[in-house]
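These protein sequence lines map, in sequence, to chains A and B. With the first sequence counted from 1, adding 732 to any position gets you our numbering. With the second sequence counted from 1, adding 2 to any position gets you our numbering. Even for Gly, the Cβ is constructed at its ideal location relative to N, Cα and C. A short worksheet on the structure shown next.
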Amino acid sequence: MTLATETPAELAGLTRRVRRHVVQMVYGAKSGHIGGSLSATDLMSVLYTKFLRHDPENPFWHERDRFIMSKGHCTPVHYALLAELGYFSTDELATFRRKGTRLQGHSILGKPPGVDNTAGALGMGLSFGLGLRLAQRLQGLEDSRVWVLMGDGEQNEGQVWEAAMAAAHHRAEGLFAVIDRNGIQNDDFTKTTMSSEPLDEKYRAFGWTVLSDLDGHDLKTIEQAYSWALDQRGAPVCLIFDTVKGKGVSFMEHNPSFHGAPPSDDEFKTAMAELADA
Amino acid sequence: MTTAPAPAPAATREAVGPTLIRLHQAGNDLVVVDADLGKSTSARKFRDEFPERFFTFGVAEQNMISAAAGFAAMGHTVFATTFAVFAEHAFDQLRMSVAQPNLDVKLVASHGGVSTGEDGASAQSIEDIAAMSSLPNFHVCVPADVVESEAIIEAAATTPGPFYVRTARPKTPVIYTDGARFELGKAHMLRDGGDVTIVACGLLVERAVTAAEHLAAEGIEARVLNMATIRPLDVAALEAAAADTGAIVVAEEHLNHTGLAAMCAHALATRNPVPMEFVGVDRYGESATWSEALEMMGLTPEGVAQAARQAVARK
């Protein structure tokens, strides 16, 4: 991999580029999910550059770690990151949501290579990841892991808790649930629409090893949390990160209006200026 | 020459566990997932032989189906087993986790249809074939007897892509006493005739054969097609039946307006519309023995024969 992400400055530079791609893609497509993409940018950037065992040159490498984008509406951040990492050209990001594109509105397994699950209907990713993880274990792939990114609104779905129960029952060590707790779902704040708190106590009660109240935008904290998770044994691990929906663009932050709506022309200009490299 | 004794009646679900064991032993890379009904589906027999390849997900079908898709994405051929009514519970998971990515998940659901009997309406699936047939990429099959059930499970294990196989609870007569004639996507003609064609699947196949015998005594010669594959439908066999016999009856243990009947009518409407009559379910059932439950819906040899007479009269 030629992408330089060794230093904190280089990693921060990557997250700014990804955020600019996200805003550009949703603005260009006049649709798409900005808020949850920006809240997950730091979590995914650290994971992909420092922990995930993957190879952009060989996206179907069987022993790769699987990253499962359970919040499948947040394709902008996923595509932007995959492009930055060399899975395909960043030029292709301009085709997002356009007729004939590989970059579909919601995640499609294998399209483009690097996307490892189909998603859009919430709540299925943890189950799918559990199946992957149990298969890795059956196949004796000792170095392989499965990381599942979920939203906090997604925790409303009953299937998430079916999967949580089953993952603990099967002692699915090596399965990591990463929760992007930005506090906002489609219509409103989660505490107004459907509070699923206390999430940490719930996952713990289901038999998971849990680390919660983590700063999901502090790159060092994220790195330490992932590193800690890899050291845990005997149970699946849930990491709950507090994030800011729309992170990086002042008027989008904590704003339920930017879950699934594109920015206006003026908003686009302001956003890109705020996300410019210093 | 002595005739071999007729084989004992058997349920189509009984083939599931033993066939999966045989197929895995023969080199197919199978994983079986279960939702706490392994004794009834017979899938638990696979666990007894290969416990490390049998995963129970409890009474949680949605999680089971998406997890099955995960196993399939890692290269396994996955058999998921439950009851037909509970398979319907996981429709969204079958749609997004299995059908859209076109993964090798083979859902074998037992206790299909009203012949589930005593458990009553909630346990009697009469919508499952419609639901599963509505999913692009899915193969949908319904065996007519235990011999065909084994052949269908083998086809599912060796054919890429998602499958839905509906098996039944009661022990019913063996039709294919000389071995299965199943070919995926092809109807099997059990009897030829020039006056009318009876297209049937599942437990209605044996009843269609009996109906054809009754009709023959009246001078009506019926062709009987076992449409064990519902998706993809054998349109060529239907076209030939329409051309050769000029009237068609479709008999199934399912709602006609969304089941095999609807699919046959859809196929023929633009090709060769001929008089059609339908024998099926039009309401939720109730507790009864399996044969009483079929009778209550008119799913009897006489019900099929009467529909055939009506179809012939409309020619």
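Residue i and residue j closer than 9 Å at C-beta
{"i": "residue 47 (chain B)", "j": "residue 20 (chain B)", "result": "yes"}
{"i": "residue 255 (chain B)", "j": "residue 122 (chain B)", "result": "no"}
{"i": "residue 107 (chain B)", "j": "residue 82 (chain B)", "result": "yes"}
{"i": "residue 813 (chain A)", "j": "residue 759 (chain A)", "result": "no"}
{"i": "residue 284 (chain B)", "j": "residue 249 (chain B)", "result": "no"}
{"i": "residue 911 (chain A)", "j": "residue 887 (chain A)", "result": "yes"}
{"i": "residue 104 (chain B)", "j": "residue 164 (chain B)", "result": "yes"}
{"i": "residue 763 (chain A)", "j": "residue 914 (chain A)", "result": "no"}
{"i": "residue 205 (chain B)", "j": "residue 96 (chain B)", "result": "no"}
{"i": "residue 720 (chain A)", "j": "residue 797 (chain A)", "result": "Because residue 720 (chain A) is not part of the residues shown, which for chain A are 733 to 1010, the question remains open."}
{"i": "residue 298 (chain B)", "j": "residue 288 (chain B)", "result": "yes"}
{"i": "residue 871 (chain A)", "j": "residue 825 (chain A)", "result": "no"}
{"i": "residue 225 (chain B)", "j": "residue 246 (chain B)", "result": "yes"}
{"i": "residue 153 (chain B)", "j": "residue 222 (chain B)", "result": "no"}
{"i": "residue 970 (chain A)", "j": "residue 920 (chain A)", "result": "no"}
{"i": "residue 978 (chain A)", "j": "residue 990 (chain A)", "result": "yes"}
{"i": "residue 802 (chain A)", "j": "residue 854 (chain A)", "result": "yes"}
Three-state secondary structure assigned by DSSP to residue i
{"i": "residue 800 (chain A)", "result": "strand"}
{"i": "residue 26 (chain B)", "result": "helix"}
{"i": "residue 270 (chain B)", "result": "helix"}
{"i": "residue 863 (chain A)", "result": "helix"}
{"i": "residue 775 (chain A)", "result": "helix"}
{"i": "residue 987 (chain A)", "result": "coil"}
{"i": "residue 767 (chain A)", "result": "helix"}
{"i": "residue 840 (chain A)", "result": "strand"}
{"i": "residue 944 (chain A)", "result": "strand"}
{"i": "residue 65 (chain B)", "result": "helix"}
{"i": "residue 287 (chain B)", "result": "coil"}
{"i": "residue 231 (chain B)", "result": "strand"}
{"i": "residue 260 (chain B)", "result": "helix"}
{"i": "residue 981 (chain A)", "result": "coil"}
{"i": "residue 34 (chain B)", "result": "strand"}
{"i": "residue 733 (chain A)", "result": "Its pLDDT being 46, under 50, residue 733 (chain A) is placed unreliably in this model, and the value from its coordinates should be taken loosely. Coil."}
{"i": "residue 877 (chain A)", "result": "coil"}
{"i": "residue 142 (chain B)", "result": "strand"}
{"i": "residue 58 (chain B)", "result": "strand"}
{"i": "residue 781 (chain A)", "result": "helix"}
{"i": "residue 793 (chain A)", "result": "coil"}
{"i": "residue 871 (chain A)", "result": "coil"}
{"i": "residue 1015 (chain A)", "result": "It is not possible to answer for residue 1015 (chain A), since the shown part of chain A is limited to 733 through 1010."}
{"i": "residue 151 (chain B)", "result": "helix"}
{"i": "residue 786 (chain A)", "result": "coil"}
In DSSP terms, what residue i is bridged to
{"i": "residue 127 (chain B)", "result": "B:114"}
{"i": "residue 108 (chain B)", "result": "B:81, B:165"}
{"i": "residue 188 (chain B)", "result": "B:185"}
{"i": "residue 279 (chain B)", "result": "B:251"}
{"i": "residue 882 (chain A)", "result": "A:911"}
{"i": "residue 225 (chain B)", "result": "B:199"}
{"i": "residue 174 (chain B)", "result": "B:12"}
{"i": "residue 973 (chain A)", "result": "A:912, A:946"}
{"i": "residue 193 (chain B)", "result": "B:226"}
{"i": "residue 921 (chain A)", "result": "A:916"}
Residues of its chain near residue i, where Cβ-Cβ distance is below 6 Å and the 5 sequence neighbours each way are ignored
{"i": "residue 63 (chain B)", "result": "37, 84, 88, 91, 92"}
{"i": "residue 827 (chain A)", "result": "833, 835"}
{"i": "residue 1089 (chain A)", "result": "Residue 1089 (chain A) falls outside the range modelled here, since chain A spans only 733 to 1010, and no answer is possible."}
{"i": "residue 252 (chain B)", "result": "201, 262, 263, 266, 280"}
{"i": "residue 58 (chain B)", "result": "36"}
Chain D contact residues for residue i, given Cβ-Cβ distances below 7 Å
{"i": "residue 856 (chain A)", "result": "Although the question refers to chain D, the structure presented lacks it and instead comprises the protein chains A and B."}
Proximity test, residue i beta-carbon vs the ligand GTP heavy atom, cut-off 8 Å
{"i": "residue 259 (chain B)", "result": "This structure lacks the ligand GTP, and indeed carries no ligand of any kind."}
Residues near residue i in its chain [Cβ-Cβ closer than 8 Å; skip 5 each side]
{"i": "residue 77 (chain B)", "result": "31"}
{"i": "residue 125 (chain B)", "result": "85, 87, 113, 118"}
Own chain, CB closer than 7 Å to residue i, minus 5 neighbours either side, in chain order
{"i": "residue 750 (chain A)", "result": "773, 777, 809, 812, 813, 816"}
{"i": "residue 953 (chain A)", "result": "946, 947"}
{"i": "residue 962 (chain A)", "result": "none"}
{"i": "residue 101 (chain B)", "result": "137, 138, 139, 140, 164"}
{"i": "residue 997 (chain A)", "result": "none"}
Output needed in chain order: residues of the region 211 to 239 of chain B with a Cβ under 7 Å from some Cβ in chain A.
Within the region 211 to 239 of chain B, no residue qualifies.
Practice problem: Can you give me, in chain order, the residues of the region 880 to 907 of chain A that have a beta carbon less than 8 Å from any beta carbon in chain B? | Solution: Answer set for the region 880 to 907 of chain A: 890, 891, 894, 895, 897, 898, 901, 902.
Interface positions of the region 863 to 875 of chain A facing chain B (Cβ-Cβ less than 8 Å), listed along the chain
So the close ones are 863, 864, 865, 866, 867, 868, 870, 871.
Which residues of the region 778 to 805 of chain A have a Cβ closer than 7 Å to any Cβ of chain B? Give them in chain order.
Per Cβ criterion, the list is empty.
So if I threshold CB-CB distances at 7 Å, which residues from the region 60 to 88 of chain B count as touching chain A? The residues in question are 60, 62, 64, 65, 68, 69, 70, 71, 72, 73, 75, 76, 78.
Name, going along the chain, the residues of the region 954 to 971 of chain A whose beta-carbon falls closer than 9 Å to a beta-carbon of chain B.
Hits within the stretch: zero.
_What are the residues in the region 11 to 42 of chain B lying within 9 Å of chain A by C-beta distance?_
Shown in chain order are the members of the region 11 to 42 of chain B whose Cβ falls below 9 Å from a Cβ of chain A: 33, 35.
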